[in-house]
Amino acid sequence: MKINSNDLILKTMTSIIAFILLGFSIYLFFAGHNAPGGGFIGGLMTSAAIVLMNMAYGQEGMKSSLPINFRFLFKLGLLIALATGMGSFLFNEPFLSQTFAYFQLPVLGRTELATALLFDLGVYLTVIGITMTIILSIAEDHKEELSE
């Protein structure tokens with residue numbers, strides 16, 4: 003099955019849409035501990051942007067521009083989420099207890115930073131890793147079926 007390689011519009015729009023999706027996923031990630039959003043939906047939005055790039059540029063093109071081992075990524079995310087939850091034991095608090103403080107950051111000014119953000123980072127990485135592992139595995143299986 004030969005796919006037409008004249009897909010200039012798809013590649014051009016993918017660059018724009020993927021940039022918007024990644025920006026929105028970062029917003030959702032940081033808004034998660036105070037508003038709807040967080041690591042899960044942010045990870046899904048990032049995965050959607052990566053899948054769109056995979057569709058437009060192909061698996062080889064995506065792997066060359068985004069050399070990420072997604073299987074390692076979800077293991078790292080699980081480790082971060084678990085370590086964040088276990089970290090509360092160091093302060094004699096219940097599992098997954100969170101705290102926050104305000105810091106004066108150079109560009110952002112006075113900003114609230116919460117330990118829930120670290121847990122969300124673990125969830126974010128786990129969701130991206132698992133979602134992309136599943137989707138790329140299905141794509142590779144489909145590619146093998148077409149070549150037979």
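Counting from 3, one number per residue, gives the positions in the sequence shown under our numbering. Glycine is no exception: its CB is placed at the ideal position from the N, C-alpha and C atoms.
- In this chain, G39 is not harboured by any beta strand (DSSP E), its DSSP state being neither H nor E.
- The bridge partners DSSP lists for R112 are Q106.
- Rounded to whole angstroms, the gap between the alpha carbons of G111 and S49 is 31 Å.
- Per DSSP, reduced to three states, the secondary structure at G79 is helical.
- Contact check for A103 against L115 passes: the beta carbons are separated by less than 8 Å.
- If the five residues before and after F105 are omitted, its C-beta is found closer than 7 Å to the C-beta atoms of T113, L115, all from its own chain and listed in chain order.
- Following the DSSP letters along the chain, one finds S27 inside the alpha helix (DSSP H) bounded by residues 10-33.
- Taking all protein chains in view, the Cβ of L81 is surrounded by fewer than 16 other Cβ atoms within 10 Å, so the residue is classified as exposed.
- The residue from T117, Y59, D122, F91 with its alpha-carbon nearest to that of F76 is D122.
- N94 carries a coil assignment under DSSP once its states are collapsed to helix, strand and coil.
- Take the alpha-carbon of G41 and the one of F91: they are about 22 Å apart.
- Per the C-alpha coordinates, the member of S27, M57, S139 positioned closest to T14 is M57.
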